[in-house]
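Going letter by letter, the sequence shown gives residues -15 to 342 in my numbering.
Below: one structure, written as structure tokens.
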Amino acid sequence: MKDWPYDVFPTGWYQIGYSEELAPGDVRPVKYFDKDLVLFRTEGGEVSLLDAYCPHLGAHLGHGGRVRGECIACPFHDWRFTAGGELHEIPYAPAATRRVGLDRWQTREVQGIILTWYDAFGREPFWEWPGIPEFGDQVNNYPIYPYGADHVGIRRIVVQSPVENTPDYFHFPVVHGAGQPGRPLLWKEEKHYLHTRIGYWFGYGRPATWLTPDGPVDGETETEAWGLGLSNARFHIDDMVNNQLTATTPVDGEHSQIFCTISVTREPGSDSDEPTGRAKKMIEFQNVQIRRDFAIWENQRYVEHPPFAGGEDLYYGRFRRWSKQFYSDEPYVDGKTIEGDVRKPDSFVVPEYEHNLT
């Protein structure tokens, strides 16, 4: 993004893949946070992310390196490193000892999603990602993999752009074809965690749609963000609950790799893992809709002090103050935690929704 004010990557957890796509013995060259890395799974099943270059003569372990038991072997001279990055063995000089190794990145596997922790100061994780309840409930929801796993790819988007949609209630009619803007119901901050609720009339102004066959539905979108790399939108529409986790992981200062992971309530009577009916359409719909945002974010210029209108300044201001903590060397503290239902300020001009606000 042009004119982006930060020259560091934000602290937090970031998705780097899906568990189903990294089998024991797999080795991949990857690049995140402007660093060349190697991602692999040992024969015993442990996931490891290490700095890529062998300290011996600089070969890239992701290009030709092989898993040997619980180690990764360099493709040049077969030096072997554990999943923790320690030098385990030099096969042609077994008696030799060298005080070298590879930096290991903290990784986690949560509900089939592979994560890594980034902090510019090398600090241990401040929090753990709890996952999404529906992702772990395959009785009532379709599994997220493979049909809900969307590899968006590497885009010219900075990490903050997708999460900054959270306070943007007015872009929905313009970008996504909604009948009206969203209405704010809840804004809650707890350190690294941001929780909001936004009310909508789904199918507004239409007698029936594939999503609302019985006419407009007064539903809501519940959003959660854990830092800036992981944000989830949970859509409540009648008896359907649809989650869309957007994971944005920096590749370099301008580009990010993006994953979108979707779960949907099972169709009545469904015993197949492949979504059908309205659930299938919802996944397809969400994948199309978020790409409309991507097209804007890829060509966007950052405006540090926007000329807000219609009350935008209240929620955008809160979001940007909250987001600052992830770019500094000490967590941002504003002296209070904002919690509870948020009433519409007089300047927030959405009169059609005033009676629906809590």
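Yeah, the Cβ is synthetic: ideal placement off N, Cα and C, and Gly gets one too.
(request) Helix, strand or coil for N271, going by three-state DSSP, please let me know. (result) Of the three classes helix, strand and coil, the one that applies to N271 here is helix, per DSSP.
(request) Identify whether A217 lies in helix, strand or coil by the three-state DSSP scheme. (result) Three-state DSSP puts A217 in a strand.
(message) For S3, tell me which candidate among T196, G115 and I98 has the shortest Cα-Cα distance.
(response) Nearest Cα to S3 within the set T196, G115 and I98: I98.
(message) Please classify D257 as buried or exposed, where buried requires at least 16 other C-beta atoms within 10 Å of its C-beta.
(response) Answer is exposed; the Cβ neighbour count stays below 16.
(message) Quick check on the DSSP output: the beta strand (DSSP E) that includes D202 runs from which residue to which?
(response) Residues V201 to W210.
(message) Measuring alpha carbon to alpha carbon, tell me which residue in T150, A293, I246 and Y102 is nearest K172.
(response) Ranked by Cα distance from K172, the options T150, A293, I246 and Y102 are led by T150.
(request) Please determine if the segment 126 to 133 and the segment 62 to 77 are in contact, where contact requires at least 3 C-beta pairs separated by less than 8 angstroms. (result) Contact between the segment 126 to 133 and the segment 62 to 77 is absent, because fewer than three Cβ pairs lie under 8 angstroms.
(message) Mapping the DSSP letters down to three states, classify D330 as helix, strand or coil.
(response) Residue placement at D330 is flagged as unreliable, the pLDDT there being 39, under the threshold of 50; the coordinate-derived value follows with that caveat. Reduced to three states, the DSSP call for D330 is coil.
(request) Measure how close the beta-carbons of F186 and I221 come, nearest whole angstrom, since I'm counting them as under 8 angstroms. (result) Rounded, the Cβ-Cβ distance is 5 angstroms, consistent with contact.
(message) For the segment 12 to 20 against the segment 163 to 171, do three or more pairs of beta-carbon atoms, one drawn from each stretch, fall closer than 8 angstroms, so that the two count as touching?
(response) No, because fewer than three Cβ pairs between the segment 12 to 20 and the segment 163 to 171 fall closer than 8 angstroms, the two stretches do not touch.
(message) Can you give me the C-alpha to C-alpha distance between G199 and F156, rounded to a whole angstrom?
(response) Cα to Cα, G199 sits roughly 19 angstroms from F156.
(request) Would you mind reading off the limits of the beta strand (DSSP E) that contains S240? (result) Residues S240 to V248.
(request) Return the Cβ separation of Y119 and G294 in integer angstroms, given the expectation that the two are a contact with Cβ distance under 8 angstroms. (result) Looking at the sequence shown, residue 119 is not Tyr but Phe. Not confirmed; about 35 angstroms, so no contact.
(request) Starting from Y311, trace the alpha helix (DSSP H) both ways and give me its first and last residue. (result) Y311 -> no alpha helix (DSSP H), and no H or E assigned at all.
(message) Can you check which of these residues, Q(-1), A217 and E288, is closest to V94 by C-alpha distance?
(response) Ranking Q(-1), A217 and E288 by Cα distance to V94 puts Q(-1) first.
(message) Rounded to the nearest angstrom, what separates W210 and P75 at their Cα positions?
(response) About 44 angstroms.
(request) Decide if L41 is buried, meaning its Cβ has at least 16 other Cβ atoms within 10 Å, or exposed. (result) So L41 ends up on the exposed side.
(message) So, with DSSP's three-state summary, where would you put E30?
(response) It is coil, neither helix nor strand.
(message) With the cut-off set at 8 angstroms, would you say W111 and H176 are in Cβ contact?
(response) Result yes, Cβ atoms of W111 and H176 sit closer than 8 angstroms.
(message) Using only CA atoms, which one of G29, T232 and E206 lies nearest to I116?
(response) Ranking the options by Cα distance to I116, first place goes to E206.
(request) Specify, as a first and last residue, the run of the alpha helix (DSSP H) that F110 falls within. (result) Neither: F110 is in no alpha helix (DSSP H) and is coded neither H nor E.
(request) Name the residue from P109, H160 and D62 whose alpha carbon lies nearest to the alpha carbon of R276. (result) Closest in C-alpha terms to R276, from the list P109, H160 and D62, comes H160.
(message) Less than 8 angstroms between the beta carbons of L21 and L34, yes or no?
(response) The answer is yes: Cβ separation under 8 angstroms.
(request) Specify, as a first and last residue, the run of the alpha helix (DSSP H) that V158 falls within. (result) Per DSSP, V158 belongs to the alpha helix (DSSP H) from H155 to H160.
(request) From the DSSP output, read off the bridge partner residues of C55. (result) Within the DSSP bridge table, the entry for C55 names R52 and T66 as partners.
(message) Threshold first: 3 residues or longer. Then list the beta strand (DSSP E) segments lying entirely within the segment 100 to 151, N to C.
(response) As summarised for the segment 100 to 151, the continuous beta strand (DSSP E) elements at least 3 residues long and confined to that stretch are 133 to 139, given in chain order.
(message) Can you find the residues in the same chain that come closer than 6 angstroms, C-beta to C-beta, to G319, ignoring five residues on each side of it along the sequence?
(response) Any reading at G319 must be qualified, since the residue scores a pLDDT of 44, below 50, and its modelled position is unreliable; no value is offered.
(message) Just verifying my parser: in three-state terms, what is the DSSP assignment at K265?
(response) DSSP places K265 in helix when its eight states are reduced to three.
(request) For T260, count neighbouring C-beta atoms within 10 Å of its own C-beta (all shown protein chains included) and say buried if the count is 16 or more, exposed if not. (result) Answer is exposed; the Cβ neighbour count stays below 16.
(request) Take V84 and list the residues in its own chain whose beta-carbon comes closer than 8 angstroms to its own, dropping the five residues that flank it on each side. (result) Excluding positions up to five away in sequence, the list reads P39, H40 and L71.
(message) What would DSSP say about W306, mapped onto helix, strand or coil?
(response) Helix.
(request) Give the C-beta separation of I141 and W281 to the nearest angstrom, bearing in mind that I take them to be a contact with Cβ-Cβ under 8 angstroms. (result) Contact flag correct, Cβ pair sits at about 5 angstroms.
(request) Out of G(-4), C244 and V51, point me to the one whose CA is closest to F105's CA. (result) Comparing Cα-Cα distances from F105 to each of G(-4), C244 and V51, the minimum goes to G(-4).
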